[in-house]
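So the sequence shown is residues 350 to 477, counted in this note's numbering. Contents: one structure, followed by commentary.
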Amino acid sequence: ALGFQIIKGFFDTMPKELDEAALLDGCTRWQIFTKITLPLSKPIIIYQILTSFTAPWVDFIFAKVICRANADQYTVAIGLWRMLEKEYIDNWYTSFAAGAVLISIPIAILFLKLQKYYVNGMAGAVKG
């Protein structure tokens with residue numbers, strides 16, 4: 350729901366003059382969407398992809414409530430947290446550190462692959 354509100358706010362800030370100019374040039378509504386609106390909204394779409402991926406990837410509280418004591422259903426975050434409990438910390442601390450790095454690798458790769466869309470979207474469309 351939060352992502353929907355953020356995207357809606359982004360689309361509300363897009364200037365109506367772009368749509369009007371495209372209509373005057375003879376574009377249909379579908380062409381306006383695919384050739385103007387969608388390319389301009391790449392940064393917010395990429396943002397939503399990144400947050401939609403990282404939120405469940407590192408979610409802790411919700412997964413902890415659902416999984417409770419079922420160790421075979423633990424998410425990565427809960428498994429790493431269990432390594433830091435008092436009776437396991439001496440044996441598992443280096444494994445915890447390695448696991449934390451391994452969790453961050455897919456997120457970092459996804460961000461590095463998609464960051465060019467952020468930069469391209471910062472240019473803007475209407476000059477005034």
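Glycine is no exception: its CB is placed at the ideal position from the N, C-alpha and C atoms. As the structure is a prediction and not an experimental result, all values here were calculated from the model.
(1) Comparing alpha-carbon positions, which option in S401, D368, I398 lies nearest K384?
(2) For the 8 Å Cβ check, are there 3 or more pairs between the segment 378-396 and the segment 438-455?
(3) Any heavy atom of the ligand ZN within a distance shorter than 8 Å of the CB on F359?
(4) Below 8 Å on the Cβ atoms is my guess for T400 versus G358; work out the distance and round it to an integer in Å.
(5) Mind checking which residues open and close the alpha helix (DSSP H) that includes Y357?
(6) Evaluate Y437 with the Cβ neighbour count: other Cβ atoms within 10 Å of its Cβ, from every protein chain shown; 16 or more gives buried, anything less gives exposed.
(7) Smallest Cα separation from M432: which of Q422, G448, N419?
(8) Between which two residues does the alpha helix (DSSP H) containing R431 stretch?
On the basis of the coordinates in this document:
(1) The option with the nearest alpha carbon to K384 is D368.
(2) Contact between the segment 378-396 and the segment 438-455 is absent, because fewer than three Cβ pairs lie under 8 Å.
(3) Ligands are entirely absent from the displayed structure, and the ligand ZN is therefore not among its contents.
(4) Their Cβ separation, rounded to whole angstroms, is 14 Å, which puts T400 and G358 out of contact at 8 Å.
(5) Just to set this straight, residue 357 is Lys in the shown sequence, not Tyr. Counted as a single uninterrupted DSSP element, the alpha helix (DSSP H) harbouring K357 occupies residues 351-361.
(6) Result: exposed.
(7) Of Q422, G448, N419, the residue nearest in Cα terms is G448.
(8) Here the alpha helix (DSSP H) through R431 covers 425-432.
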